[in-house]
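Q: The letter at position 203 of the sequence shown is residue 1253 when you use this note's numbering, and the numbering goes up by one with no holes. Where a beta carbon is used, it is the ideal one built from N, C-alpha and C, also for glycine. The following block contains the structure, expressed as structure tokens.
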Amino acid sequence: MIKQHIVYFLKFGTFLMSVLICCISNVSLANSLLDSTVARVPVPTLIKGNLQLTNNGISPVPYFTLGEPALLTNLYLTKGRLSFSPEFNFDLKAKPWSFNTWLRYNLIRTKRYNFYLGSNFSIIFKRLDPKIFKEDLQAQRYQMLDIMMTYKIDQKKMLSFYYWKTSTLDHLGITSSHFVMLALQIDNLLKSENTVISFRPSVFVINNTLPFSGLFMSQITKISTKKFPLSFSLQTVETLQSSEQAKFNWNVGVNVPF
1051 MIKQHIVYFL
1061 KFGTFLMSVL
1071 ICCISNVSLA
1081 NSLLDSTVAR
1091 VPVPTLIKGN
1101 LQLTNNGISP
1111 VPYFTLGEPA
1121 LLTNLYLTKG
1131 RLSFSPEFNF
1141 DLKAKPWSFN
1151 TWLRYNLIRT
1161 KRYNFYLGSN
1171 FSIIFKRLDP
1181 KIFKEDLQAQ
1191 RYQMLDIMMT
1201 YKIDQKKMLS
1211 FYYWKTSTLD
1221 HLGITSSHFV
1231 MLALQIDNLL
1241 KSENTVISFR
1251 PSVFVINNTL
1261 PFSGLFMSQI
1271 TKISTKKFPL
1281 SFSLQTVETL
1291 QSSEQAKFNW
1301 NVGVNVPF
């Protein structure tokens, strides 16, 4: 039953991706022609980042966690249609947990639709038992195909679809993995001049060669004020169906944007 639901979800994700590609491809030619007729102006490089101190590190695939406090570092560099987003995550003893290097290109962009194609080279540092192994960390390298599509519903809501196909570069860890997520970003939930609340519910499926498969839901709530430099976040991950027993995960984080 679990595998059947996961197969249905993967098929739905593939169907949704095909429909969105067909819809936005109809405007891609006109969009390209428009870009070619607009006068060329210098494109600035946008740089921003975020530091998060959390009681429990949760990875971009929310099922996987560090299980202890962590410092998460994100950097975002964008120039035109190209973006680069490295992530460097450590535990509070300065031991590395994971490194990600997201590289994306915005193939199609309109007022409402965006289609991104990218890749991610990542290193996961698996904790080992020093009583058994000579080293307490094992570096596992992965390469990921990254497909992302967004649809802007209105000024406050945006729907996002993600598909990640991950393959190992070593004879270690997970050989291959499929990840599909559908998320809804809702901004400005509270009508206030100083306080900003955002809410991001999502549902996602994992199918990898451990073997492990499951259907999950997650949410991220962020609270910030315009007069205070820090923001606060709460993330929860709940199992809907899983091939093995999975526990409820959560974390709270203090964020320092820059």
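Where DSSP assigns a beta bridge to I1197, which residues make up the other side?
A: L1167, Y1213
Q: From the DSSP output, in three-state form, read off T1271 for me.
A: T1271: strand per DSSP, three-state reduction.
Q: When the Cα of I1236 is compared with those of F1140, V1246, P1261, which residue comes out closest?
A: V1246
Q: So, is Y1155 buried or exposed, given that buried needs 16 or more other C-beta atoms within 10 angstroms?
A: It is exposed - the Cβ of Y1155 has fewer than 16 other Cβ atoms within 10 Å.
Q: Let me know the secondary structure DSSP gives V1093 once reduced to three states.
A: Coil, per DSSP.
Q: Suppose you measure from the CA of W1300 to the CA of P1119; what does that come to, to the nearest Å?
A: 12 Å
Q: Measuring straight from C-alpha to C-alpha, what distance separates I1074 and G1130?
A: Confidence in I1074 is poor, its pLDDT being 48 and thus under 50, which makes the residue's placement unreliable; the coordinate value appears in the next sentence. When rounded, the distance between both Cα atoms is 19 Å.
Q: Please classify L1260 as buried or exposed, where buried requires at least 16 other C-beta atoms within 10 Å of its C-beta.
A: exposed
Q: What is the DSSP secondary structure of D1186, counted as helix, strand or coil?
A: DSSP, read as helix, strand or coil, puts D1186 in coil.
Q: Give the single residue among I1174, M1199, Q1193, M1198 whose Cα lies nearest to the Cα of L1187.
A: Residue I1174 holds the alpha-carbon nearest to the alpha-carbon of L1187 among I1174, M1199, Q1193, M1198.
Q: Could you check the C-alpha separation between F1278 and F1134 for me, to the nearest Å?
A: 28 Å
Q: Which word fits N1164, buried or exposed, when buried means at least 16 other C-beta atoms lie within 10 angstroms of its C-beta?
A: buried
Q: According to the neighbour-count rule (16 or more other Cβ atoms, all chains shown, within 10 Å of its Cβ), is V1304 buried or exposed?
A: exposed
Q: Excluding sequence positions up to five away, which residues of its chain have a Cβ less than 6 Å from the Cβ of W1152?
A: S1135, N1170
Q: If you measure between the beta carbons of F1266 and F1254, is that distance less than 7 Å?
A: yes
Q: What would DSSP say about E1288, mapped onto helix, strand or coil?
A: strand
Q: Once DSSP output is grouped into helix, strand and coil, what is the label at A1283?
A: Reading off the sequence, residue 1283 comes out as Ser, not Ala. Looking at S1283 - three-state DSSP - the assignment turns out to be strand.
Q: Identify the continuous beta strand (DSSP E) that holds D1179 and give its terminal residues.
A: Unbroken run through D1179: none, as it is neither H nor E.
Q: Return the residue from the list T1104, L1122, S1248 that minimises the CA-CA distance to K1311.
A: Nothing about residue 1311 can be read from this structure; the chain reaches only from 1051 to 1308.
Q: Considering only their Cβ atoms, is the gap separating K1202 from M1194 smaller than 7 Å?
A: no
Q: Count the other C-beta atoms from every protein chain shown that fall within 10 angstroms of the C-beta of V1230, then say buried if there are 16 or more, exposed otherwise.
A: V1230 is classed as buried because its beta carbon has at least 16 other beta carbons within 10 Å across all chains shown.
Q: Return the CA-CA distance between K1145 and Q1295, expressed in angstroms with no decimal places.
A: For K1145 and Q1295, the gap between their C-alpha atoms comes out near 28 Å.
Q: Have a look at Q1102, L1284, I1158 and flag the residue whose alpha-carbon is nearest the alpha-carbon of V1302.
A: L1284
Q: By how many angstroms is the C-alpha of L1121 removed from the C-alpha of I1256?
A: 25 Å
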